[in-house]
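Number of protein chains: 2
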Amino acid sequence: METVGRHVISELWGCDFDKLNDMDYIEKTFVDAALKSGAEVREVAFHKFAPQGVSGVVIISESHLTIHSFPEHGYASIDVYTCGELDPNISADYIATALNAQTRETIELPRGMGPVQVNKAKAL
Amino acid sequence: METVGRHVISELWGCDFDKLNDMDYIEKTFVDAALKSGAEVREVAFHKFAPQGVSGVVIISESHLTIHSFPEHGYASIDVYTCGELDPNISADYIATALNAQTRETIELPRGMGPVQVNKAKAL
Numbered sequence: 005m006e007t008v009g010r011h012v013i014s015e016l017w018g019c020d021f022d023k024l025n026d027m028d029y030i031e032k033t034f035v036d037a038a039l040k041s042g043a044e045v046r047e048v049a050f051h052k053f054a055p056q057g058v059s060g061v062v063i064i065s066e067s068h069l070t071i072h073s074f075p076e077h078g079y080a081s082i083d084v085y086t087c088g089e090l091d092p093n094i095s096a097d098y099i100a101t102a103l104n105a106q107t108r109e110t111i112e113l114p115r116g117m118g119p120v121q122v123n124k125a126k127a128l
Numbered sequence: 005m006e007t008v009g010r011h012v013i014s015e016l017w018g019c020d021f022d023k024l025n026d027m028d029y030i031e032k033t034f035v036d037a038a039l040k041s042g043a044e045v046r047e048v049a050f051h052k053f054a055p056q057g058v059s060g061v062v063i064i065s066e067s068h069l070t071i072h073s074f075p076e077h078g079y080a081s082i083d084v085y086t087c088g089e090l091d092p093n094i095s096a097d098y099i100a101t102a103l104n105a106q107t108r109e110t111i112e113l114p115r116g117m118g119p120v121q122v123n124k125a126k127a128l
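Here's what the structure looks like:
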């Protein structure tokens, strides 16, 4: 298993309160999002908070998808971290659409690239 | 529940093969790391891969800790995402020490800060 991975972080704002507070809907959305990008689902764990809010993770062969929702703020923090040939943006897009996000800010970080190497410049 | 969180990403290299491949050890380390930073553990899910490797997550009230280990490469990708007053670096440090990482690269990202606002400059 190669170590290189792509880690997409999405900040979603203006999402539907009801969707952000529906654990079953979020769990189904996340499993579907993982399958859509071609990932193999290994573990699923979701937790419902009182008075509102859902946290959850789908562990895939290639890494994970997570969510922490704050329905009262319309906010959901999303992480989609994949390895191999998978494109995490496929899952991230699917999730943002499913939660009806009005604003979405996304960054992508490489993972497992190896420690930073400082190489001597060749003399010209 | 406030949305603001601190997300620490640690890339650990040169870790012990046996530690990276020991699911029970990693699970205990992660639960301890969460408790050390003052977090409340809500869900725990770990998965052992063949021929080697462990993936896992600890969902806390304030967010999550995750690991994906690649024992044959001595590499572990670590995420410690906390909300509220917790310091994710306490957990991240504990984990790096427990896995005996030789090299560690860490960044910290703010989460839940709100969508980027563009404000008009006041006329002088």
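Residue numbers (the numbering used here), protein chains in the order written: chain A, 5 to 128; chain B, 5 to 128.
Positions of the beta carbon are idealized from the N, C-alpha and C atoms, including for glycine.
Check for me: the beta strand (DSSP E) holding residue i runs from which residue to which?
{"i": "residue 110 of chain B", "result": "107 to 115"}
{"i": "residue 73 of chain A", "result": "67 to 74"}
{"i": "residue 84 of chain B", "result": "79 to 87"}
{"i": "residue 52 of chain B", "result": "45 to 52"}
{"i": "residue 12 of chain B", "result": "9 to 17"}
For the alpha helix (DSSP H) that contains residue i, what are its first and last residues?
{"i": "residue 26 of chain A", "result": "Where residue 26 of chain A is concerned, there is no enclosing alpha helix (DSSP H), given that its DSSP letter is neither H nor E."}
{"i": "residue 59 of chain B", "result": "Note, residue 59 of chain B: premise wrong, no alpha helix (DSSP H); beta strand (DSSP E) at 58 to 64."}
{"i": "residue 97 of chain A", "result": "92 to 102"}
So, at 8 Å on beta carbons, what are the nonlocal neighbours of residue i in its own chain, with the 5 sequence-adjacent residues on each side left out?
{"i": "residue 23 of chain A", "result": "29, 30, 102, 103, 104"}
{"i": "residue 46 of chain B", "result": "63, 64, 65"}
{"i": "residue 100 of chain B", "result": "14, 16, 82, 108"}
Can you tell which of the options has its C-alpha closest to the C-alpha of residue i?
{"i": "residue 63 of chain A", "options": "B:44, B:121, B:72", "result": "B:72"}
{"i": "residue 77 of chain B", "options": "B:42, B:56, B:36", "result": "B:56"}
{"i": "residue 20 of chain B", "options": "B:40, B:80, B:125, B:54", "result": "B:80"}
{"i": "residue 42 of chain A", "options": "A:86, A:124, A:115", "result": "A:86"}
{"i": "residue 113 of chain A", "options": "A:6, A:93, A:37", "result": "A:93"}
{"i": "residue 88 of chain B", "options": "B:34, B:32, B:117", "result": "B:117"}
Leaving out five residues before and five after residue i in sequence, what residues of the same chain have Cβ atoms less than 6 Å from its Cβ?
{"i": "residue 49 of chain B", "result": "61"}
{"i": "residue 111 of chain A", "result": "13"}
{"i": "residue 25 of chain B", "result": "56, 75"}
{"i": "residue 59 of chain B", "result": "51, 72"}
{"i": "residue 115 of chain A", "result": "9, 11"}
Going along chain B, which residues have a C-beta under 9 Å from residue i?
{"i": "residue 10 of chain A", "result": "Correct list: empty, because the minimum Cβ distance to chain B is about 12 Å."}
Given that residue i touches chain B, what residues does it touch there, using C-beta distances under 7 Å?
{"i": "residue 92 of chain A", "result": "What residue 92 of chain A touches in chain B: nothing, since even the nearest Cβ is about 14 Å away."}
{"i": "residue 130 of chain A", "result": "Here chain A comprises residues numbered 5 to 128, so residue 130 of chain A is not present and cannot be evaluated."}
{"i": "residue 127 of chain A", "result": "Correct list: empty, because the minimum Cβ distance to chain B is about 28 Å."}
Cβ closer than 9 Å: which chain E residues qualify as neighbours of residue i?
{"i": "residue 116 of chain A", "result": "Chain labels in this structure do not include chain E; the protein chains are A and B."}
List, in chain order, every chain A residue whose beta-carbon is nearer than 7 Å to that of residue i.
{"i": "residue 107 of chain B", "result": "119"}
{"i": "residue 61 of chain B", "result": "49, 61, 63, 68"}
By the criterion of Cβ-Cβ separation under 9 Å, what are the contact partners of residue i in chain A?
{"i": "residue 113 of chain B", "result": "13, 111, 113"}
{"i": "residue 95 of chain B", "result": "Result: empty, since nearest Cβ-Cβ is about 16 Å, beyond 9 Å."}
Between residue i and the rest of its own chain, which residues show a CB-CB distance below 7 Å, the 5 nearest in sequence each way excluded?
{"i": "residue 106 of chain A", "result": "17, 18"}
{"i": "residue 27 of chain B", "result": "50, 52, 58"}
So is the beta-carbon of residue i under 6 Å away from any non-hydrogen atom of the ligand ADP?
{"i": "residue 39 of chain A", "result": "Looking for the ligand ADP in the displayed structure turns up nothing, as the structure carries no ligands at all."}
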